[in-house]
Amino acid sequence: MDPNNPYSQQYPPPPQQFAQPPQGYNYNAQQPPQYYPPPPPPSNQPHQHVPQYNTNTGYAELGEAPLNANDKIRPSSGYKDVWATVLWLCNMAGFIALSVIGLRSFSLNNGTGSTTPQSGLAFDSDTVTIFGLAAVIGFGFSFIYLIMANLIPGPLILITFVGSILVYLGVTAYYFYMKYYSAAIIFLIFSVLYMLCFWWWRDRIPFATIMLKSVTSITRTYWSTMVAGTISLIIQSVYSVWFMITVVGVYQTYTGSSLNAAIVFLVFSFYWTTQVISYVTHVTLSGVFATVYFLNNQVAHPIWGCAKRALTTSFGSICFGGLLIALISTLRYFVSVARSNSDNIILTFALCILECIISCIEGLFEWFNQYAFSGVAIYGQAFVPSAKRTWSMIQDRGVEAMINDNLIGNVLFMGSLLVGILSSLLGYLYLLISKPAYNSGGDMTPIIMLICFIIGMSMFSTIATVISSGVTTTFVCLAEDPEALRRVNPSLYEAIRQTWPQVVQGV
Numbered sequence: 009m010d011p012n013n014p015y016s017q018q019y020p021p022p023p024q025q026f027a028q029p030p031q032g033y034n035y036n037a038q039q040p041p042q043y044y045p046p047p048p049p050p051s052n053q054p055h056q057h058v059p060q061y062n063t064n065t066g067y068a069e070l071g072e073a074p075l076n077a078n079d080k081i082r083p084s085s086g087y088k089d090v091w092a093t094v095l096w097l098c099n100m101a102g103f104i105a106l107s108v109i110g111l112r113s114f115s116l117n118n119g120t121g122s123t124t125p126q127s128g129l130a131f132d133s134d135t136v137t138i139f140g141l142a143a144v145i146g147f148g149f150s151f152i153y154l155i156m157a158n159l160i161p162g163p164l165i166l167i168t169f170v171g172s173i174l175v176y177l178g179v180t181a182y183y184f185y186m187k188y189y190s191a192a193i194i195f196l197i198f199s200v201l202y203m204l205c206f207w208w209w210r211d212r213i214p215f216a217t218i219m220l221k222s223v224t225s226i227t228r229t230y231w232s233t234m235v236a237g238t239i240s241l242i243i244q245s246v247y248s249v250w251f252m253i254t255v256v257g258v259y260q261t262y263t264g265s266s267l268n269a270a271i272v273f274l275v276f277s278f279y280w281t282t283q284v285i286s287y288v289t290h291v292t293l294s295g296v297f298a299t300v301y302f303l304n305n306q307v308a309h310p311i312w313g314c315a316k317r318a319l320t321t322s323f324g325s326i327c328f329g330g331l332l333i334a335l336i337s338t339l340r341y342f343v344s345v346a347r348s349n350s351d352n353i354i355l356t357f358a359l360c361i362l363e364c365i366i367s368c369i370e371g372l373f374e375w376f377n378q379y380a381f382s383g384v385a386i387y388g389q390a391f392v393p394s395a396k397r398t399w400s401m402i403q404d405r406g407v408e409a410m411i412n413d414n415l416i417g418n419v420l421f422m423g424s425l426l427v428g429i430l431s432s433l434l435g436y437l438y439l440l441i442s443k444p445a446y447n448s449g450g451d452m453t454p455i456i457m458l459i460c461f462i463i464g465m466s467m468f469s470t471i472a473t474v475i476s477s478g479v480t481t482t483f484v485c486l487a488e489d490p491e492a493l494r495r496v497n498p499s500l501y502e503a504i505r506q507t508w509p510q511v512v513q514g515v
């Protein structure tokens, strides 16, 4: 294998028993539970023996019979979930068509907005400025957070907790001062909940710190992971600005039911495309982390082979998983808009409960997709088979107990909320200062703040993929082969063994 040739490597090696054992390995030690078939007993002519692999389990479905630890598993032949790729391309074609119409209208009107209100809504260049600033704020805070994660991974969890509580208390005080009582009460509730969470989760912070240090040690060694996250963030930012200008142009062009249909499609398209961007990054980075887990720095540039798989054979699976989240997110968005515009207390309360239920479902799907796509990165199968195999393996090994106790996902979610809230606060302040004509009555304030919040959250979620991918991939690889973790990261292995001995039982 040429370590300088990125295309000579694709994905992690097979589990340990298919590789050459490390020096000093105890052959008489009890072997761990396996999730792939062991090789048959040696015959009288070992040099002529050919192992028989079950093509429906473990790494073997990738189609190669590896010989030693330096062999690479070739990607699965053929493209997976092609129908989802075709559907996403059709979605992009529709978005581009609407964008051409919208951008032409925006250019002809010089961003001055519609001459007449349309269903009580009208956007102009001020709106583009607000959304653009929200994107800049989201980009800036997200990038700073990623740098901090690599420079000071130890205190980062504490900083996130304390910083979120202080910011929420400050926003609460400001909204009370501005007599925006509904928003003030919401942020006060968040502040109290974060204080309680910090107290309840304090015993779980040490393990989360070890896990975060483990992940960031890899990102510091392989700077290509940071570059991939930054490129993804830039693409996300450019697409967000493109989307915002398109929305303004569409408001200037269409009215009535045509406008409503266009906005529904644009919101759905935005959610789907941002999910695809994020999951392409996740699958690419998961491949890198899995390569390091099994090969321990034996490959110089694993990012190239991983990116190739994410953008080719596994792209359909990425589009499939992103579609599920996009449908739920679109529904939640319009329920939130309806709740914000409702004057009926009973209806508002009912919509609030419905929005909470949809948000919980959305969170479950997003959480499951993270682990499913780590399996896609490692196994190269279609979305559904990879998801089933990954989750079954995690449950069999008992890794789900670690996942439930892991705080890094919670901390990253807190960070995304914080960036989204700062972006929405900026939108509110801009509306307060500029006082655009379309918001003379304040009816557009909740919608503008919600869109700014979504932009900020999407920015952070993209860059946080660098960290979350490392965590989820470590859990998936741990379920496949705990022995590899003992060789690669003894401190993390020991922390897991002391707290969750069933995970590494028999190793």
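Every position in the sequence shown, counted from 1, becomes a number in this note's numbering once 8 is added.
Glycine included, every Cβ here is placed at the ideal spot set by N, Cα and C.
Quick caveat, the model's predicted, so the values are computed rather than measured.
Meets three-Cβ-pair contact criterion under 8 Å: the region 452-472 and the region 193-201 = Under the 8 Å Cβ criterion, the region 452-472 does not count as touching the region 193-201, having fewer than three qualifying pairs.
So, MET467 versus LEU293, is the Cβ gap smaller than 8 Å?
-> As a first step, residue 467 must be located in the sequence shown, where it is residue number 459. As a first step, residue 293 must be located in the sequence shown, where it is residue number 285. No, the Cβ-Cβ distance between MET467 and LEU293 is not below 8 Å.
Specify, as a first and last residue, the run of the alpha helix (DSSP H) that ASN99 falls within.
-> Mapped onto the sequence shown, residue 99 falls at position 91. Residues 90-116.
Around the Cβ of GLY313, are there at least 16 other Cβ atoms within 10 angstroms (buried) or fewer (exposed)?
-> Start at 1 with the first residue of the sequence shown, and residue 313 comes out as number 305. Under this definition GLY313 is a buried residue.
Sequence-distant residues of the same chain with beta carbon closer than 8 Å to VAL275, five excluded per side = Counting from one through the sequence shown, the residue named residue 275 turns up at place 267. Around VAL275: THR338, TYR341, PHE342.
Cβ atoms of PHE483 and ILE416: under 8 Å apart, would you say?
-> As a working note, residue 416 is residue 408 in the sequence shown. As a working note, residue 483 is residue 475 in the sequence shown. Going by C-beta atoms, ILE416 is not nearer than 8 Å to PHE483.
Measure how close the beta-carbons of THR217 and ILE165 come, nearest whole angstrom, since I'm counting them as under 8 Å.
-> By 1-based counting over the sequence shown, the position of residue 217 is 209. By 1-based counting over the sequence shown, the position of residue 165 is 157. With a Cβ gap of about 6 Å, THR217 and ILE165 count as contacting.
Can you tell me whether DSSP reads VAL307 as helix, strand or coil?
-> In the sequence shown, the residue the question calls residue 307 occupies position 299. Residue state, collapsed to three classes: coil.
State the CB to CB distance for the pair THR224 and VAL296, rounded to an integer number of angstroms; the pair is presumed to be in contact (CB under 8 Å).
-> Walking along the sequence shown from the start, residue 224 turns up at place 216. Walking along the sequence shown from the start, residue 296 turns up at place 288. Not confirmed; about 14 Å, so no contact.
Separation of TYR262 from ILE354, as counted between CA atoms = Residue numbering aside, residue 354 sits at position 346 when the sequence shown is read from its first letter. Residue numbering aside, residue 262 sits at position 254 when the sequence shown is read from its first letter. For ILE354 and TYR262, the distance between alpha carbons rounds to 32 Å.
Just tell me which of LEU434, TYR287, GLY449, MET410 has its CA closest to the CA of LEU458.
-> As a working note, residue 458 is residue 450 in the sequence shown. Closest option to LEU458, Cα to Cα, is LEU434.
Tell me where the alpha helix (DSSP H) around GLY237 begins and ends.
-> Taking the first residue of the sequence shown as position 1, residue 237 is located at position 229. Counting along the chain, the alpha helix (DSSP H) containing GLY237 begins and ends at 231-261.
Would you tell me roughly how many angstroms separate the C-alpha atoms of LEU159 and LEU220, rounded to the nearest one?
-> If you number the sequence shown from 1, residue 159 lands on position 151. If you number the sequence shown from 1, residue 220 lands on position 212. If I take the Cα positions, the gap works out to 11 Å.
Quick one: what does DSSP say TYR87 is sitting in, helix, strand or coil?
-> Stepping through the sequence shown from its first residue, residue 87 is reached at position 79. If DSSP states are grouped into helix, strand and coil, TYR87 belongs with coil.
Starting from THR168, trace the alpha helix (DSSP H) both ways and give me its first and last residue.
-> Counting from one through the sequence shown, the residue named residue 168 turns up at place 160. Per DSSP, THR168 belongs to the alpha helix (DSSP H) from 161-185.
Simplified DSSP state of VAL343, which is helix, strand or coil = For this step, residue 343 is matched to residue 335 along the sequence shown. Annotated three-state conformation of VAL343 is helix, per DSSP.
Which of helix, strand or coil does DSSP assign to MET452?
-> For this step, residue 452 is matched to residue 444 along the sequence shown. Coil, per DSSP.
Enumerated in chain order, which unbroken segments of the alpha helix (DSSP H) with a length of 4 residues or greater are wholly contained in the region 453-488?
-> With a minimum length of 4 residues, the continuous alpha helix (DSSP H) runs that stay inside the region 453-488 are 453-488.
What's the call for LYS396, buried or exposed, on a 16-neighbour Cβ count within 10 Å?
-> Within the sequence shown, numbered from 1, the residue matching residue 396 stands at position 388. By the C-beta density criterion, LYS396 is exposed, having fewer than 16 other C-beta atoms within 10 angstroms.
Would a C-beta distance cut-off of 8 Å place GLY324 and ASP489 closer than the cut-off?
-> Locating residue 324 in the sequence shown gives position 316, counting from the first residue. Locating residue 489 in the sequence shown gives position 481, counting from the first residue. Here GLY324 is not near ASP489, since their CB atoms are 8 Å or more apart.
Just to confirm, are HIS290 and SER150 a CB contact at a threshold of 8 Å?
-> Locating residue 290 in the sequence shown gives position 282, counting from the first residue. Locating residue 150 in the sequence shown gives position 142, counting from the first residue. Result no, Cβ atoms of HIS290 and SER150 do not sit closer than 8 Å.
Out of PRO161, VAL288, ILE366, GLY102, state which residue places its alpha-carbon closest to the alpha-carbon of ALA385.
-> As a first step, residue 385 must be located in the sequence shown, where it is residue number 377. The residue with the shortest Cα to Cα distance from ALA385 is VAL288.
At least three beta-carbon pairs within less than 8 Å, the region 173-183 to the region 141-157 | no
Write down the C-beta distance between CYS327 and THR93 rounded to the nearest angstrom, noting that I regard them as a contact closer than 8 Å.
-> Counted from its first residue, the sequence shown places residue 327 at position 319. Counted from its first residue, the sequence shown places residue 93 at position 85. With a Cβ gap of about 5 Å, CYS327 and THR93 count as contacting.
Per-residue burial, VAL235 [other beta carbons within 10 Å of its own, 16 or more giving buried] | In the sequence shown, the residue the question calls residue 235 occupies position 227. So VAL235 ends up on the exposed side.
For VAL144, I'd like the list of residues in its chain whose CB is within less than 7 Å of its CB, leaving aside the five on either flank, ordered along the chain.
-> Indexing the sequence shown from 1 puts residue 144 at position 136. For VAL144, where only same-chain residues beyond five positions count, there are no Cβ hits under 7 Å.
Between the beta-carbon of PHE215 and the beta-carbon of THR507, is there less than 8 Å?
-> Residue 215 sits at position 207 when you count from the first residue of the sequence shown. Residue 507 sits at position 499 when you count from the first residue of the sequence shown. By the CB criterion at 8 Å, PHE215 and THR507 fall inside the cutoff.
Looking at C-beta atoms only, is the number of pairs between the region 251-261 and the region 93-112 that lie closer than 8 Å three or more?
-> yes
Near ILE213, what residues of its chain come up, given a Cβ to Cβ distance below 8 Å and the 5 sequence neighbours on each side ignored?
-> One-based indexing of the sequence shown puts residue 213 at position 205. Around ILE213: ILE165, LEU166, LEU415.
Boundaries of the alpha helix (DSSP H) in which ARG495 is found, first to last residue | For this step, residue 495 is matched to residue 487 along the sequence shown. Counting along the chain, the alpha helix (DSSP H) containing ARG495 begins and ends at 490-496.
Give me the Cα-Cα distance between SER172 and SER424, rounded to the nearest whole angstrom.
-> Numbered from its first residue, the sequence shown carries residue 172 at position 164. Numbered from its first residue, the sequence shown carries residue 424 at position 416. Rounded to the nearest angstrom, the two C-alpha atoms are 10 Å apart.
So, is ALA318 buried or exposed, given that buried needs 16 or more other C-beta atoms within 10 angstroms?
-> One-based indexing of the sequence shown puts residue 318 at position 310. ALA318 is buried by the Cβ-count criterion.
Per-residue DSSP class, three states only, for VAL511 = Along the sequence shown, read from residue 1 onward, the residue named residue 511 stands at position 503. Of the three classes helix, strand and coil, the one that applies to VAL511 here is coil, per DSSP.
Just to confirm, are ILE455 and SER248 a CB contact at a threshold of 8 Å?
-> What you label residue 455 is simply residue 447 of the sequence shown in a count that begins at 1. What you label residue 248 is simply residue 240 of the sequence shown in a count that begins at 1. Result no, Cβ atoms of ILE455 and SER248 do not sit closer than 8 Å.
In its own chain, which residues sit with a C-beta less than 6 Å from the C-beta of THR282, not counting the 5 before and 5 after it?
-> The sequence position of residue 282 within the sequence shown is 274, counting from 1. Closer than 6 Å at Cβ, skipping near neighbours: SER466.
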